[in-house]
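*Asks:*
There are 2 protein chains.
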Amino acid sequence: MARTQAADYEERREAIVEQAARLFAKTGFLGASVADLAAACATSKSLIYHYYPSKEDILYAVMISHLDQLSEDVVAVTAMPADPAERLQTLVHRFMQHYVGAADRQKVLLNELDNLPLERRAEVVAKQRVIIGVVHDLLVALKPELAADRARARVHTMLLFGMINWTHTWFDPKGAVSADEVADVALDLIVPGGQPFPATPVRRRVAKAAEPARGLTRHSRG
Amino acid sequence: MARTQAADYEERREAIVEQAARLFAKTGFLGASVADLAAACATSKSLIYHYYPSKEDILYAVMISHLDQLSEDVVAVTAMPADPAERLQTLVHRFMQHYVGAADRQKVLLNELDNLPLERRAEVVAKQRVIIGVVHDLLVALKPELAADRARARVHTMLLFGMINWTHTWFDPKGAVSADEVADVALDLIVPGGQPFPATPVRRRVAKAAEPARGLTRHSRG
DNA sequence: CCTACCGATCGGTAGG
DNA sequence: CCTACCGATCGGTAGG
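These protein sequence lines map, in sequence, to chains G and P.
Everything in the first sequence is counted per my numbering, starting at 1 for the first residue and increasing by one.
Everything in the second sequence is counted per my numbering, starting at 1001 for the first residue and increasing by one.
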């Protein structure tokens, strides 16, 4: 009997990636075996290899799926009719939301890059570079003193990423401080005096009354 | 002929740790075999096991040796007859120096903690906590608004560690920006307005002309 | 989609 | 009789 692709093919692939992210985050890419992954998915090793040609392909899927989410945020922010301050705020808040919502994938992305084959590693690094570049340009726009000093601008950019990327080692979403609050603190440190939203006060709130005080949700979807 | 412990016993142990740090940083604790380590040390696997009872003991030695260096800095700074601003500056600069000078160990400490047995992991975490606590207290002393808000103080502390710890992913000691300059930028972000040294300026440059513009080197040793 | 296996390599230990 | 150190190989398990 001829079989076409299972109707839930994509769902199964995604389920494998989800479990892989959990396992790889917990015991590392090398520490988690394909047999472990199969067990976590309540199937066989062979089934895993039906959906992905190799363990490394699964690692790649974990990383790229996460990175694509972050890239979507970057595209959305690039399209925003807003000033740099508001763009940077939106971006950092969205990043923190994804870091928390996909903490396993974030940890895997940060810790297991060396286990990717060279070509795919380069692809991941290229995507990261685009994201870093956008943040870099926003910082330069916001801090005029950085425009004249590229090296210093890069340091500021990477220190900002350090602040938010490092959260995966200590931040507890169930703790007293929210991801948005952490984002606000990081933003205030990197761009002192920037207000919690909207960024350029002057007079823009005229027609828009009753927005959420520290709004961010505005960009969530609808 | 009777043999006592080799005269260079400690040197050999340290050489193993040094090579292990290099290998574990490059391919990960699980990715590097004891055979690889033996080859890197130009000896046999059995020799490795003569000096360390297990692979995990070597990982522990890599981490603790590095952490002890950082703890020494903390003790030294605690004994300094200086104000909090100068203490924090000294500490952050020394940390960055060690991160660069022992980049392999730093990377292993940050990435391979999960591969330590529970008891020793707890020991490492306890040492880290002491270091974090000292930085936390210095920040609270420097930023009065944090004294009333413990949660916020913790966020500031961890964001500072994020800035400097994350440098292992991007900082190039041969690049245009020095480790001391990165430390200065991080310090200026976390404690705005703090001067590059000495911390309490008022009038101290009187007798010292012609210093480097963005000086920092002053603290390197002499 | 499973059981049965493979070539290789793992961390650790044997005798001498 | 001790410790230092070697070549060889153990029982299990890895990805495929």
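The beta-carbon is built from N, C-alpha and C at its ideal position, and this holds for glycine as well.
Note that this is a predicted model, so its numbers are computed, not measured.
Tell me the rounded alpha-carbon separation between Asn111(G) and Asn1111(P).
*Replies:* About 7 Å.
*Asks:* Identify each residue in the region 161-174 of chain G for which the Cβ-Cβ distance to at least one residue of chain P is less than 9 Å, and report them in chain order.
*Replies:* If the cut-off is 9 Å between Cβ atoms, the region 161-174 of chain G has Phe161, Gly162, Met163, Ile164, Asn165, Trp166, Thr167, Thr169, Trp170 and Phe171 near chain P.
*Asks:* Looking at chain P, is there any beta carbon in it that lies within less than 8 Å of the beta carbon of Leu187(G)?
*Replies:* No, because no Cβ of chain P sits closer than 8 Å to the Cβ of Leu187(G).
*Asks:* Does any C-beta atom of chain P lie closer than 8 Å to the C-beta of Pro192(G)?
*Replies:* Judged by the 8 Å Cβ criterion, Pro192(G) is in contact with chain P.
*Asks:* What does Leu159(G) reach in chain P if we use C-beta pairs closer than 7 Å?
*Replies:* In chain order: Met1163, Val1185, Ala1186 and Leu1189.
*Asks:* Is the region 1102-1111 of chain P close to the region 1014-1033 of chain P, with three or more CB pairs under 8 Å?
*Replies:* Counting Cβ pairs under 8 Å, three or more are found: they touch.
*Asks:* Indicate whether Pro1084(P) and Leu1146(P) have their beta-carbon atoms separated by less than 8 Å.
*Replies:* No, the pair does not count as a contact, with Cβ atoms beyond the cut-off.
*Asks:* With 16 as the cutoff for other CB atoms within 10 Å, does Tyr223(G) come out buried or exposed?
*Replies:* No information on residue 223(G) is available, as it lies outside the stretch 1 to 222 that chain G covers here.
*Asks:* Which of the three DSSP states is assigned to Lys143(G) in this structure?
*Replies:* Three-state DSSP puts Lys143(G) in coil, outside helix and strand.
*Asks:* Cβ closer than 9 Å: which chain P residues qualify as neighbours of Ala20(G)?
*Replies:* Those do not exist, as Ala20(G) stays about 16 Å from chain P at its closest Cβ, beyond 9 Å.
*Asks:* What residue does the alpha helix (DSSP H) around His1168(P) start on, and which one ends it?
*Replies:* It is not in any alpha helix (DSSP H) - His1168(P) carries neither H nor E in the DSSP assignment.
*Asks:* Chain P partners of Leu30(G), CB-CB under 8 Å?
*Replies:* Chain P residues near Leu30(G): Gly1028, Leu1030 and Gly1031.
*Asks:* Just reading off the alpha helix (DSSP H) that Pro1084(P) is part of, what are its end residues?
*Replies:* Here the alpha helix (DSSP H) through Pro1084(P) covers Pro1084 to Gly1101.
*Asks:* Who are the near neighbours of Glu211(G) in its chain, counting only those whose CB is closer than 6 Å to its CB and skipping five residues on each side?
*Replies:* Reliability of the predicted coordinates at Glu211(G) is poor, the pLDDT of 38 falling under 50, and the value obtained from them is presented with this limitation in mind. Counting only Cβ-Cβ distances below 6 Å, and skipping sequence neighbours, we find nothing.
*Asks:* Would you mind stating whether Ala40(G) and Gln19(G) have Cβ atoms separated by less than 8 Å?
*Replies:* Their beta carbons are under 8 Å apart, which means Ala40(G) touches Gln19(G) by this criterion.
*Asks:* Within 8 Å, do at least three Cβ pairs link the region 152-172 of chain G to the region 68-79 of chain G?
*Replies:* Flag = no, the region 68-79 of chain G and the region 152-172 of chain G do not touch.
*Asks:* Is the region 127-140 of chain G close to the region 45-61 of chain G, with three or more CB pairs under 8 Å?
*Replies:* Taking 8 Å as the limit for Cβ pairs, the verdict is that the region 45-61 of chain G does not touch the region 127-140 of chain G.
*Asks:* For Val1075(P), does the count of other Cβ atoms within 10 angstroms reach 16, so buried, or fall short, so exposed?
*Replies:* With fewer than 16 other Cβ atoms within 10 Å, it is exposed.
*Asks:* Under 6 Å Cβ to Cβ from Val134(G), same chain only, skipping five residues before and after it: list those, please.
*Replies:* Excluding positions up to five away in sequence, the list reads Val74.
*Asks:* If you follow the alpha helix (DSSP H) that Phe1029(P) is in, where does it begin and where does it stop?
*Replies:* Phe1029(P) -> no alpha helix (DSSP H), and no H or E assigned at all.
*Asks:* Run through DSSP, which three-state label would Glu11(G) get?
*Replies:* In this structure, Glu11(G) counts as helix in the three-state DSSP scheme.
*Asks:* In the region 140-152 of chain G, which residues sit with their C-beta less than 8 Å from some C-beta in chain P, listed in chain order?
*Replies:* Going along the region 140-152 of chain G in chain order, one finds Ala151 and Arg152 with a Cβ nearer than 8 Å to chain P.
*Asks:* Consult DSSP for Tyr52(G) and reduce its assignment to one of helix, strand or coil.
*Replies:* Coil at Tyr52(G), not helix or strand.
*Asks:* Taking all protein chains shown into account, decide if Lys1174(P) is buried (16 or more other Cβ within 10 angstroms of its Cβ) or exposed.
*Replies:* Exposed.
*Asks:* Work out the CA separation of His1156(P) and Ala176(G) for me, nearest whole Å.
*Replies:* Looking at the two C-alpha atoms, the distance is approximately 14 Å.
*Asks:* Tell me the residue span of the alpha helix (DSSP H) that contains Asp274(G).
*Replies:* Past the edges of chain G, shown from 1 to 222, lies residue 274(G), and the structure says nothing about it.
*Asks:* In whole angstroms, what separates the C-alpha of Tyr1060(P) from that of Ser1033(P)?
*Replies:* About 16 Å.
*Asks:* Looking at C-alpha atoms only, which residue of Ile132(G), Asp114(G), Val17(G) and Thr78(G) is the closest neighbour of Gly1028(P)?
*Replies:* The option with the nearest alpha carbon to Gly1028(P) is Asp114(G).
*Asks:* Given a threshold of 16 other Cβ atoms within 10 Å of its Cβ, counted over all protein chains shown, does Gly101(G) qualify as buried or as exposed?
*Replies:* So Gly101(G) ends up on the exposed side.
*Asks:* Using 8 Å as the limit for Cβ to Cβ distance, is Ala1176(P) near chain G?
*Replies:* So yes, Ala1176(P) belongs to the interface.
*Asks:* Just to confirm, are Val182(G) and Thr169(G) a CB contact at a threshold of 8 Å?
*Replies:* For Val182(G) and Thr169(G), no; Cβs fall outside 8 Å.
*Asks:* Can you find a CB in chain G that lies within less than 8 Å of the CB of His1093(P)?
*Replies:* Output row for His1093(P): interface = no.
*Asks:* What are the residues of the region 1053-1078 of chain P that lie near chain G, defined by any Cβ-Cβ distance shorter than 8 Å?
*Replies:* Within the region 1053-1078 of chain P, no residue has a Cβ that lies closer than 8 Å to any Cβ of chain G.
*Asks:* How big is the Cα-Cα spacing for Met63(G) and Ser1044(P)?
*Replies:* Cα to Cα, Met63(G) sits roughly 38 Å from Ser1044(P).
*Asks:* In or out: Glu11(G) buried (at least 16 other Cβ within 10 Å) or exposed?
*Replies:* Glu11(G) is exposed by the Cβ-count criterion.
*Asks:* Is the distance from the Cβ of Leu37(G) to the Cβ of Gly1031(P) below 8 Å?
*Replies:* Not in contact: Leu37(G) and Gly1031(P) (Cβ atoms no closer than 8 Å).
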